[in-house]
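*Asks:* Below is a structure I'd like to ask you about.
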Amino acid sequence: MNESCYHCGEDVPANTDFKVEILGSEREMCCPGCETVAQTIVDSGLVSYYQYRTAPAEKADLVPEQLRVLAHYDNEDVQQEFVRNSQDASEVTLSIEGVSCAACAWLIEKQVSKKIGVYSIRVNTTTNRALLSWDKSKVRLSELLSAIHSLGYKAAPFEADQQEAAYHRSMKNYLYRLGVAGLATMQVMMLAVALYLEVFGNLEPEFKSYFRWVSLIFATPVLLYSALPFYINAWRSLKGRTLGMDVPVSIALLFAYAASLVATVTEQGEVFFESISMFTFFLLLGRFLEMRARRKAAAASGNLLKLIPAMATTLDGKQIPVKTLKIGDKIRVLPGEHIPADGLVLSGRVHVDESMLTGESVHVVKSENDSVFAGTLNGDESFELEVTTSKADSMISNIVRLQDEAQLSKPKIAEIADVVARYFVAIILIISFGTWLYWHQTKPEDAFWIMLSVLVATCPCALSLATPTAITCSTSRMGNLGILLRKGHVFETLCKVNHLIIDKTGTLTEGDIRIARVDTKSDIDEPTCLALAASLEKHANHPIAKAFREFESESILVDNVSNIIGSGIEGTFNGQPISIGSARFILDNAETAESNGIYLALNGQHIATFTYEDPIRKESAELIKQFTDAGIKTTLLTGDSLANALPVAKSIGIQDVVADAKPEDKLAYLNSTDSNDITMMVGDGINDAPTLAGAHLSVAMGGGTDVAKASADMILLGDKLDRLLKSRILALKTRKIIRENLAWSLGYNLLILPLAVAGLVAPYIAVVGMSASSIIVVSNSLRLLKEERK
-18 MNESCYHCGE
-8 DVPANTDFKV
2 EILGSEREMC
12 CPGCETVAQT
22 IVDSGLVSYY
32 QYRTAPAEKA
42 DLVPEQLRVL
52 AHYDNEDVQQ
62 EFVRNSQDAS
72 EVTLSIEGVS
82 CAACAWLIEK
92 QVSKKIGVYS
102 IRVNTTTNRA
112 LLSWDKSKVR
122 LSELLSAIHS
132 LGYKAAPFEA
142 DQQEAAYHRS
152 MKNYLYRLGV
162 AGLATMQVMM
172 LAVALYLEVF
182 GNLEPEFKSY
192 FRWVSLIFAT
202 PVLLYSALPF
212 YINAWRSLKG
222 RTLGMDVPVS
232 IALLFAYAAS
242 LVATVTEQGE
252 VFFESISMFT
262 FFLLLGRFLE
272 MRARRKAAAA
282 SGNLLKLIPA
292 MATTLDGKQI
302 PVKTLKIGDK
312 IRVLPGEHIP
322 ADGLVLSGRV
332 HVDESMLTGE
342 SVHVVKSEND
352 SVFAGTLNGD
362 ESFELEVTTS
372 KADSMISNIV
382 RLQDEAQLSK
392 PKIAEIADVV
402 ARYFVAIILI
412 ISFGTWLYWH
422 QTKPEDAFWI
432 MLSVLVATCP
442 CALSLATPTA
452 ITCSTSRMGN
462 LGILLRKGHV
472 FETLCKVNHL
482 IIDKTGTLTE
492 GDIRIARVDT
502 KSDIDEPTCL
512 ALAASLEKHA
522 NHPIAKAFRE
532 FESESILVDN
542 VSNIIGSGIE
552 GTFNGQPISI
562 GSARFILDNA
572 ETAESNGIYL
582 ALNGQHIATF
592 TYEDPIRKES
602 AELIKQFTDA
612 GIKTTLLTGD
622 SLANALPVAK
632 SIGIQDVVAD
642 AKPEDKLAYL
652 NSTDSNDITM
662 MVGDGINDAP
672 TLAGAHLSVA
682 MGGGTDVAKA
692 SADMILLGDK
702 LDRLLKSRIL
712 ALKTRKIIRE
722 NLAWSLGYNL
732 LILPLAVAGL
742 VAPYIAVVGM
752 SASSIIVVSN
762 SLRLLKEERK
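Structural data, given as structure tokens:
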């Protein structure tokens, strides 16, 4: 028999685990609603309700609609749109409302990470997004979202349109609060002039009292309405047992108002209503401008998702929502329409604008069985498309996810800054109290406002914003350059690189290989040799293998094929062993090999040589020159023969060449480099994967193999090597701006603190200084976005 819910008396469903400790024992609950209500009763100190009640409560209905909405996110069909699943974990990008500083992010990460089944959660304060990884079998997504809601923040799977709507709602609320604070400040300041400067002559005590009461009336809505976001953030921090940026701000406001209220009622002492109003107005104005700037930095990646249309057209002409598309569905993409899903072209030859992925404005020609990606723009011809991936796993969603991951990673100096910022708030509170004690002894009439100035002026908001805004802007710029970041250390490492190791085929060369000549060495004719080679090469994923595709023949079949990475391919044809590959793999005497040769052997006999052409990329020489001029050593590391590698190296200015290298040879070379070398490896093939994984920084070409991309830190989507030069320049600028931001924020706090303690900073100056420092840091980071227009 099922146990009854301690709160409402209904049966507790099987396979649920909702419990609350009440009156010294764990009590079973039937649903999240009853659990939330019961926990609220306990937390509020009203546990005696359960001792004296005469009947069970009604079914809990605390924010039931919200809880029901969260429960919908556990539905697998719903999750297909935004959850990425692997064997080990599920991952989702969340939008979070209410995050204002690094302390908010730390609080969410700290509380959610405690939950069983959570692998990691990382919050980006610039984009107001979080990356959550968890085990579905141990905890439901709705429970994790509820945990975030219980802290006072709103969380839901990220959708660009919804986050933009939330942003506009937030900005609208800020404008209302800002308007109330601004109007009240003007009124209170006029009264303050009369009170302090006595412009009307010696005021009678009755008039002074009247002006104070009027100031109280104007300041009260400012304190209770306009400043409400600061109290909410402060309460969240204290509830999570941490000290956020808004704790000293809230203390300053409440103390100033309480002291002014007492002074008004008792008609003794000073009032600070003008400081309260002005403080709130300037702080809100600073937050408003800061939010707009951070929104600009965060908008780029989210805007990519807006390129995916809401509706798709079926083959029979019906309009259906894109979110209902499943793998295997067939749709028609109309001329001039954004492609709704990743898939394969079923018919037609079309031109697709992929500039949103690669940064290249030239249209790409797509034929039957070619891949196209959601969000790219179709040209002037309609075509049929078969959906191959869900929206959550689409190329554009992966780009946004990887950008978010890169933005969430912080340089070590930034991690230290975040820790310092958290402890700095505690230090501010201690110093403020000490300041009040000192001035109360020496100059009691000024002690209070001097303490307020210390509380406000030294709030380390700018310190927490110094790195996230710069990383967000840089990651957005990288995306515009057609560079996809997979690891967060890219910006740091790219600045330190002093040894470039680069592959040849498909990297320095275009990889658009064609067979230029066929030399037969037996009585087997040329078409048959080409067909035999094509039957073997179709089992490989390399630029040279692609050159044989057009020669495939259904009448020639090769069995028992095995791929010898770095050497060639072997199998059986009509019971005889057949192989194709390098001279070293096929010929007894490799020294007789021809340049640009691929060799085919049947039954141990060399039967054909295929000579290929592979043009050098036009930007390769400039890449090598720029890296050499920057003092970076360059090595050409290739599995191709020395005869093929040397002409390429000579033509583009590379002195150091390592050829005929198998994957293990490439990795061995990487491990043999000088211990002071910070290596950057650029490659595109399966044989480059171990070296890409082992280098300090690795770049995979966008047209390369999936294995190579999975091993790389960066992916060059457009295959334009000159983008690597721009990315290095951007990384150096990013490092410079982060250092400037940290120097400014730390310098400001170190300068303003002794001045505030000495009583040389008025409260309104403290507010302006604190807000200005945050705006300066964000604006300095936004310079990274403006560079792209030059």
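Residue numbers are given in the working numbering: position 96 of the sequence shown equals residue 77, and the series is strictly consecutive.
Glycine included, C-beta positions come from ideal geometry on N, C-alpha and C.
Closest to residue 442 by CA distance: which of 722, 150, -2 and 95 is it?
*Replies:* Nearest option by C-alpha distance: 722.
*Asks:* Is the CB-CB distance between residue 101 and residue 114 below 7 Å?
*Replies:* Taking 7 Å as the Cβ cut-off, residue 101 and residue 114 qualify as a contacting pair.
*Asks:* If you follow the alpha helix (DSSP H) that residue 721 is part of, which residue opens it and which one closes it?
*Replies:* Counting along the chain, the alpha helix (DSSP H) containing residue 721 begins and ends at 703 to 738.
*Asks:* According to the neighbour-count rule (16 or more other Cβ atoms, all chains shown, within 10 Å of its Cβ), is residue 317 buried or exposed?
*Replies:* The residue in question, residue 317, is exposed, as its Cβ has fewer than 16 Cβ neighbours within 10 Å.
*Asks:* Starting from residue 193, follow the alpha helix (DSSP H) in both directions and report where the run begins and ends.
*Replies:* First-last of the alpha helix (DSSP H) with residue 193: 186 to 202.
*Asks:* Assuming residue 515 is part of the beta strand (DSSP E), what are its boundary residues?
*Replies:* Careful: residue 515 lies outside any beta strand (DSSP E), inside the alpha helix (DSSP H) at 507 to 518.
*Asks:* For residue 42, is the classification buried or exposed, using 16 other Cβ atoms within 10 angstroms of its Cβ as the cut-off for buried?
*Replies:* In this prediction, residue 42 has a pLDDT of 46, which is less than 50 and means its spatial position is unreliable; what the coordinates show is noted afterwards. It counts as exposed.
*Asks:* Drop a sphere of 10 angstroms on the beta-carbon of residue 300, count the other beta-carbons inside from all chains shown, and report buried for 16 or more, exposed for fewer.
*Replies:* Residue 300 comes out exposed.
*Asks:* Bridge partners of residue 653, per DSSP?
*Replies:* DSSP lists no partner for residue 653.
*Asks:* Check whether the Cβ atoms of residue 681 and residue 475 lie closer than 7 Å to each other.
*Replies:* Taking 7 Å as the Cβ cut-off, residue 681 and residue 475 do not qualify as a contacting pair.
*Asks:* Within this structure, are the beta carbons of residue 366 and residue 329 separated by less than 7 Å?
*Replies:* The answer is no: Cβ separation not under 7 Å.
*Asks:* Could you have a look at residue 637 and say whether DSSP puts it in helix, strand or coil?
*Replies:* Of the three classes helix, strand and coil, the one that applies to residue 637 here is strand, per DSSP.
*Asks:* Can you list, in chain order, the residues of its chain whose CB lies under 8 Å from that of residue 46, leaving out five sequence neighbours each side?
*Replies:* In this predicted model, residue 46 has a pLDDT of only 48, less than 50, meaning its place in the structure is not dependable enough to derive any value.
*Asks:* Beta-carbon separation of residue 331 and residue 298 under 7 Å?
*Replies:* Their beta carbons are not under 7 Å apart, which means residue 331 does not touch residue 298 by this criterion.
*Asks:* What do you reckon, are the CB atoms on residue 104 and residue 89 nearer than 7 Å?
*Replies:* Contact: yes.
*Asks:* Would you please state the rounded distance, in angstroms, between the beta carbons of residue 541 and residue 552? I believe it to be under 8 Å.
*Replies:* Rounded, the Cβ-Cβ distance is 5 Å, consistent with contact.
*Asks:* Any idea what DSSP makes of residue 682, helix, strand or coil?
*Replies:* Residue 682 falls in the strand class under three-state DSSP.
*Asks:* Is it buried or exposed for residue 755, if we count other Cβ within 10 angstroms and need 16 for buried?
*Replies:* Burial call: buried.
*Asks:* Give the range of the beta strand (DSSP E) segment to which residue 325 is assigned.
*Replies:* Start and end: 324 to 328.
*Asks:* On the DSSP letters alone, give me the boundaries of the beta strand (DSSP E) that residue 348 sits inside.
*Replies:* No beta strand (DSSP E) holds residue 348; DSSP gives it neither H nor E.
*Asks:* Can you name the residues that DSSP bridges to residue 464?
*Replies:* DSSP lists 697 as partners of residue 464.
*Asks:* Quick one: grab the DSSP three-state call for residue 425.
*Replies:* Looking at residue 425 - three-state DSSP - the assignment turns out to be helix.
*Asks:* Bridge partners for residue 614 per DSSP, in chain order?
*Replies:* Answer by DSSP bridge pairing, in chain order: 480.
*Asks:* Residues in the same chain with beta-carbon distance under 6 Å from residue 451, minus the five sequence neighbours each way, listed in chain order, please.
*Replies:* So the list reads 715, 718, 719 and 762, once near-sequence residues are dropped.
*Asks:* Using CA atoms only, rank isn't needed, just tell me which of 546, 683, 368 and 526 is closest to residue 592.
*Replies:* Of the listed residues, the one whose Cα sits closest to residue 592 is 526.
*Asks:* Residue 752 to residue 3, Cα distance in whole Å?
*Replies:* Their backbone Cα atoms lie some 46 Å apart in a straight line.
*Asks:* Rounded to the nearest angstrom, what separates residue 826 and residue 225 at their Cα positions?
*Replies:* The question about residue 826 has no answer here: the residues shown for the chain are numbered -18 through 771.
*Asks:* Three or more beta-carbon pairs under 8 Å between the segment 495 to 504 and the segment 593 to 604, yes or no?
*Replies:* Flag = yes, the segment 495 to 504 and the segment 593 to 604 touch.
*Asks:* Measure the alpha-carbon distance for residue 478 versus residue 603 and round it to whole angstroms.
*Replies:* Going by the C-alpha atoms only, they are around 18 Å apart.
*Asks:* According to DSSP, what are the bridge partners of residue 586?
*Replies:* Its beta-bridge partners are 583.
*Asks:* Are residue 364 and residue 333 touching if we call contact CB-CB under 7 Å?
*Replies:* No, Cβ-Cβ distance for residue 364 and residue 333 is not below 7 Å.
*Asks:* I'd like the span of the alpha helix (DSSP H) that includes residue 245, first residue to last.
*Replies:* Start and end: 227 to 247.
*Asks:* According to DSSP, is residue 117 helix, strand or coil?
*Replies:* Coil.
*Asks:* By DSSP's criteria, residue 552 is part of a beta bridge. Which residues make up the other side?
*Replies:* Bridge partners of residue 552: 559.
*Asks:* Residue 500 and residue 616 - do their beta-carbons sit closer together than 7 Å?
*Replies:* Contact: no.
*Asks:* Note down, in chain order, each residue of its chain lying with its Cβ closer than 7 Å to the Cβ of residue 635, except the 5 sequence neighbours on either side.
*Replies:* If we look at residue 635 and ignore the five residues flanking it on each side, its Cβ neighbours are 605, 615 and 617.
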